[in-house]
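Student: Protein chains in written order, with UniProt numbering: chain A, 1 to 450; chain B, 1 to 450.
Quick one: the structure is below, questions incoming.
Shown next as structure tokens:
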């Protein structure tokens, strides 16, 4: 980022079915069949683009999400959905969550490069390592792989995908019709990677993506996750419920990035926030309460049990978390999410039912219930105080919650000069102010053309 | 198919870069950068849809195609490209080639289901088992897997993907907002497949596709390939250079399909044809000659050597195929393609250079050089004589060759009542007149709702 330009806030529209709140599909105007209804997604994508959001953001995991009994349990494969949405939009970035544990680098590098091409440089990859047992069972693993194992694979996965994206130099294609010479084979690189997890010859069979590499996003906040982010991530999606926690994370990740030899300004930190907006605090609270009362407690109980890798029968709705959970056992799955839940439950002395109610809408993310001014003030304070470079906006109900944010909060942020009035760039990297990565195989023009 | 409706011809537009002829990119109006130019593909897709083709068809393999020196060596990942094209079209089918050897069933079943959803039931999967050594080297295999091994994996792959597509019964989603009950878990099927190649729990996290299963296409013509097709394929793409060969294949595959317990009318046989069209035979010949003269012999030599799994130095351009190739060794790759080349070379006593010239445009497919009437007559003779249910149209140059076919050949076929004037159905299955498969997990409504 230039040091002379004012620092700008970055906002993603994190979209999920009828909204991020687990009961959003039950609202009178909730689209219960949102997941497989392309019109729903096109409407949301165009809405977010009209408001000049940096990107759309989609979560994912390759397994049914729960049993389906209480909440929509599936979703379109996100790179496929974003490819379709790329044709209904022209500027907004498109970030898909894809697992490095349950994909292989050649196919995934190729798909991401292809989406970057058809979208004109708008693709982003939110790299996750897939902690769940349900996911493992769809890929022949008897048990979920551990943290260290998943991140070791992810690290090598990134090494290979970057080499694949770099394997066509930008001058590789000559297209000399008269001479019948299409490409310079010396600029198409076979690199013969042989590692612990992958053996990949290369080159990729797709020309280098418009962004050089699709934008790399990361969402794990464990120690392994933060070290991985420091090495690879250009944007980080994270969950914090207090300014102090967010600021600690922000300082930590920027320091780790610098320690890894990278410019900390080239890592955009984006906490998730779940805004419940009303023209008064009471109106905002009523919106949150309406959703809270539509929640099925059994669903939340199962979700909390899954996070703590325990059986739902170990929990009682009207008692505190049991001691063995308060002792914070080491988990193989979402460690940072589990730690956050325990902290919240202890700090506020919550029963399991109360904990479920507090985390339902945002699955642990920061819920902001208030007026547009209150929400804009908090965003500003986090941004200016050094706790965030922007936010993943997780509307509890869609499209209404996103519409409210656009109509009432964005004008305040624009009034402060914090958020763009129009897109200035064409690619996701340009929206975030991030550079196109250098090509590791770049050879000098003189040497190659001679 | 209904026995009362007249039998209709099916036509796919098989698209490839600037055309199927290896030198098409060198034509004065050839788009040398076609592969990664979305506008090129949108133009072709809309052209084919305006002419009411059944489907677009895209080939693929997960490796660079050659060295890139003489011909564009890459392409967008085809499911990604077809997803983008689904948003620029509304009726035409979308068939992507994807390897069962270098994918895994959960992710691929999900992607295909997702494309079927976003396209409104237009997805088709051309199942290939990827014979090449270059592909193997991108997925950690020291050597290419053999025929039998690839087809055994493909067979189990299909078993799993069909179970995944069936894993949501059509009545699974209740979406009862008042009761807070989203789906009936008894209608979301975990099937716990444990096989030789795959262990997959299920269910899929995508609702059953609009077509039930995306349409299954197959393109291998070896013995293993034909047996696989008889069990699974709903359309077959095949290469024959004579009516007799095509008719033999047609009878054989229909008999194998019946023997596998399936209705032979539910397998659509589509040979590839490469039409060089002119208002006179001389004009058609001139178009073919222009392309032939743009060919780089070195490229063809390498291609022929690769098919016969030998070194290019074993071949001489101005001599016949060497004896060890005429002896027709058993190959691990494209056996049927190699056999076809040997037959052609022997029948017409061709040198390697002449063989390359004969196969360049269609890579072994049937080249038709002539007037629109001649091409339409041949199509009609094959269709009515029992050698084809339709064709994969492989224009040597794009868009010009496809435009010529649409403008001059289709009106003749329509005049004979063989080809549709308008789409009658909405899905690819409806275009082909094929049924939606029954759901293997379907339980009676009475039992499930009680």
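Note that CB positions come from ideal geometry on N, CA and C, so glycine has one too.
Output, in chain order, the set of chain B residues within a Cβ distance shorter than 7 Å of residue 104 of chain A.
Tutor: Sequence index remark: in the first chain, residue 104 of chain A carries index 104 (1-based). Going along chain B in sequence order, the residues near residue 104 of chain A (Cβ under 7 Å) are 139.
Student: Return the first residue and the last residue of the alpha helix (DSSP H) that residue 165 of chain B is part of.
Tutor: What you label residue 165 of chain B is simply residue 165 of the second chain in a count that begins at 1. Run containing residue 165 of chain B: 147–166, per the alpha helix (DSSP H) assignment.
Student: Please name the residue, chosen from B/214, B/225, B/389, B/194, that lies closest to residue 146 of chain B on a Cα-to-Cα basis.
Tutor: The residue you call residue 146 of chain B lines up with position 146 of the second chain. Measuring from the Cα of residue 146 of chain B, the nearest candidate turns out to be B/225.
Student: Using DSSP with H/G/I as helix, E/B as strand and the rest coil, what is residue 86 of chain A?
Tutor: For this step, residue 86 of chain A is matched to residue 86 along the first chain. Reduced to three states, the DSSP call for residue 86 of chain A is helix.
Student: Secondary structure at residue 57 of chain A, three-state DSSP: helix, strand or coil?
Tutor: By one-based count along the first chain, residue 57 of chain A stands at place 57. In the structure shown, residue 57 of chain A sits in a strand (DSSP, three-state: E or B).
Student: Span of the beta strand (DSSP E) holding residue 92 of chain B?
Tutor: Residue numbering aside, residue 92 of chain B sits at position 92 when the second chain is read from its first letter. Counting along the chain, residue 92 of chain B falls outside any beta strand (DSSP E), and DSSP gives it neither H nor E.
Student: Extract the residue ranges of the beta strand (DSSP E) inside the stretch 234–284 of chain B, only unbroken runs of 3 or more that lie entirely within it.
Tutor: You should have 235–238, 268–277.
Student: Check the Cβ-Cβ distances between residue 400 of chain A and every residue of chain B, and say whether any is below 8 Å.
Tutor: Position 400 of the first chain, counted from the start, is the residue given in the question as residue 400 of chain A. Judged by the 8 Å Cβ criterion, residue 400 of chain A is not in contact with chain B.
Student: Among the candidates B/89, B/87, B/64, whose CA atom is the shortest distance from the CA of residue 471 of chain B?
Tutor: It is not possible to answer for residue 471 of chain B, since the shown part of chain B is limited to 1 through 450.
Student: If you measure between the beta carbons of residue 333 of chain B and residue 309 of chain B, is that distance less than 8 Å?
Tutor: Here residue 333 of chain B corresponds to residue number 333 of the second chain, with the count starting at 1. Here residue 309 of chain B corresponds to residue number 309 of the second chain, with the count starting at 1. Against a cut-off of 8 Å, the Cβ pair of residue 309 of chain B and residue 333 of chain B comes out as a contact.
Student: CB residue 267 of chain A to CB residue 307 of chain A, shorter than 8 Å?
Tutor: Stepping through the first chain from its first residue, residue 267 of chain A is reached at position 267. Stepping through the first chain from its first residue, residue 307 of chain A is reached at position 307. No, Cβ-Cβ distance for residue 267 of chain A and residue 307 of chain A is not below 8 Å.
Student: Which of the three DSSP states is assigned to residue 191 of chain B in this structure?
Tutor: The sequence position of residue 191 of chain B within the second chain is 191, counting from 1. It is coil, neither helix nor strand.
Student: Ordered along the chain, which non-local residues of its own chain (more than five positions away) have a Cβ less than 8 Å from that of residue 399 of chain B?
Tutor: Numbered from 1 along the second chain, position 399 holds the residue referred to as residue 399 of chain B. Excluding residues within five positions, the ones whose Cβ falls inside 8 Å are 43, 44, 47.
Student: Where does the unbroken alpha helix (DSSP H) through residue 107 of chain A begin, and where does it stop?
Tutor: Start at 1 with the first residue of the first chain, and residue 107 of chain A comes out as number 107. Run containing residue 107 of chain A: 105–118, per the alpha helix (DSSP H) assignment.
Student: Counting only Cβ-Cβ distances shorter than 9 Å, please list the residues of the stretch 3–34 of chain A near chain B, keeping chain order.
Tutor: So the close ones are 23, 25, 26, 27, 28, 30, 32, 33.
Student: What residue range is occupied by the uninterrupted alpha helix (DSSP H) comprising residue 102 of chain A?
Tutor: For the purposes of this step, residue 102 of chain A is taken as the residue at position 102 of the first chain. Segment: none, residue 102 of chain A is in no alpha helix (DSSP H) and carries neither H nor E.
Student: Could you give the residue range of the beta strand (DSSP E) that holds residue 176 of chain A?
Tutor: Here residue 176 of chain A corresponds to residue number 176 of the first chain, with the count starting at 1. That run of the beta strand (DSSP E) goes 173–176.
Student: Below 8 Å, can you find three or more Cβ-Cβ pairs linking the stretch 181–201 of chain A to the stretch 227–242 of chain A?
Tutor: Verdict: no, contact absent.
Student: Give a yes or no on whether the minimum CB-CB distance between residue 74 of chain B and chain A is below 8 Å.
Tutor: The residue labelled residue 74 of chain B in the question sits at position 74 within the second chain. So yes, residue 74 of chain B belongs to the interface.
Student: If we define contact as Cβ-Cβ less than 8 Å, is residue 294 of chain B a contact residue for chain A?
Tutor: As a working note, residue 294 of chain B is residue 294 in the second chain. So, interface residue.
Student: What does a CB cutoff of less than 8 Å around residue 216 of chain A pick up in its chain, not counting 5 residues either side in sequence?
Tutor: Within the first chain, the letter at position 216 stands for residue 216 of chain A. Counting only Cβ-Cβ distances below 8 Å, and skipping sequence neighbours, we find 124, 125, 127, 158, 232, 233, 234, 235.
Student: CB-CB under 8 Å to residue 373 of chain B, same chain, minus the five flanking residues each way: which ones, in chain order?
Tutor: Here the question's residue 373 of chain B lines up with position 373 in the second chain. These residues qualify, in order along the chain: 412.
Student: Can you grab the Cα-Cα spacing for the pair residue 28 of chain A / residue 352 of chain A, in whole Å?
Tutor: Taking the first residue of the first chain as 1, we reach residue 28 of chain A at position 28. Taking the first residue of the first chain as 1, we reach residue 352 of chain A at position 352. Rounded to whole angstroms, residue 28 of chain A to residue 352 of chain A spans 28 Å at the Cα level.
Student: Residue 161 of chain A and residue 109 of chain A look like a contact to me (Cβ under 8 Å); what is the Cβ gap, rounded to whole Å?
Tutor: Stepping through the first chain from its first residue, residue 161 of chain A is reached at position 161. Stepping through the first chain from its first residue, residue 109 of chain A is reached at position 109. Yes, residue 161 of chain A and residue 109 of chain A are in contact; Cβ-Cβ is about 4 Å, under 8 Å.
Student: Measuring alpha carbon to alpha carbon, tell me which of B/21, B/189, B/212, B/174 ends up nearest residue 428 of chain B.
Tutor: Stepping through the second chain from its first residue, residue 428 of chain B is reached at position 428. The option with the nearest alpha carbon to residue 428 of chain B is B/212.
Student: In the DSSP assignment, find the unbroken beta strand (DSSP E) run with residue 423 of chain B in it and report its ends.
Tutor: Position 423 of the second chain, counted from the first residue, corresponds to residue 423 of chain B. Residue 423 of chain B -> no beta strand (DSSP E), and no H or E assigned at all.
Student: Mind checking whether residue 182 of chain A and residue 72 of chain B have CB atoms under 8 Å apart?
Tutor: Here the question's residue 182 of chain A lines up with position 182 in the first chain. Here the question's residue 72 of chain B lines up with position 72 in the second chain. Cβ distance < 8 Å, so residue 182 of chain A and residue 72 of chain B count as in contact.
Student: Quick check: what's the CA-CA separation for residue 83 of chain A versus residue 119 of chain A?
Tutor: Mapped onto the first chain, residue 83 of chain A falls at position 83. Mapped onto the first chain, residue 119 of chain A falls at position 119. Between residue 83 of chain A and residue 119 of chain A, the C-alpha separation is close to 7 Å.
Student: Can you find at least 3 beta carbon pairs, one from the stretch 12–31 of chain B and one from the stretch 287–307 of chain B, that sit closer than 8 Å?
Tutor: The answer is yes - the stretch 287–307 of chain B touches the stretch 12–31 of chain B, with three or more Cβ pairs under 8 Å.
Student: Tell me where the alpha helix (DSSP H) around residue 383 of chain B begins and ends.
Tutor: Translated into positions along the second chain, residue 383 of chain B becomes position 383. Note, residue 383 of chain B: alpha helix (DSSP H), 372–385.
Student: With which residues is residue 452 of chain B paired in a DSSP beta bridge?
Tutor: Any question about residue 452 of chain B goes unanswered here, given that chain B covers just 1 to 450.
Student: Do residue 401 of chain B and residue 19 of chain B have their beta-carbon atoms positioned less than 8 Å apart in this structure?
Tutor: If you number the second chain from 1, residue 19 of chain B lands on position 19. If you number the second chain from 1, residue 401 of chain B lands on position 401. A contact, by the Cβ cut-off of 8 Å.
Student: Looking only at DSSP bridge pairs, what is residue 199 of chain B linked to?
Tutor: One-based indexing of the second chain puts residue 199 of chain B at position 199. Looking at the DSSP assignment, residue 199 of chain B forms a beta bridge with B/194.
Student: In whole angstroms, give me the CA-to-CA distance for residue 284 of chain A and residue 277 of chain A.
Tutor: Within the first chain, the letter at position 284 stands for residue 284 of chain A. Within the first chain, the letter at position 277 stands for residue 277 of chain A. Distance between the alpha carbons of residue 284 of chain A and residue 277 of chain A: 5 Å.
Student: Under 8 Å between the Cβ atoms of residue 34 of chain A and residue 32 of chain B?
Tutor: Position 34 of the first chain, counted from the start, is the residue given in the question as residue 34 of chain A. Position 32 of the second chain, counted from the start, is the residue given in the question as residue 32 of chain B. It is not a contact, given that the beta carbons lie outside the stated cut-off.
Student: Against residue 181 of chain A, what residues of chain B qualify as contacts under a CB-to-CB distance less than 9 Å, listed in chain order?
Tutor: The count along the first chain starts at 1 and reaches residue 181 of chain A at position 181. By Cβ distance, chain B contributes 69, 70, 296.
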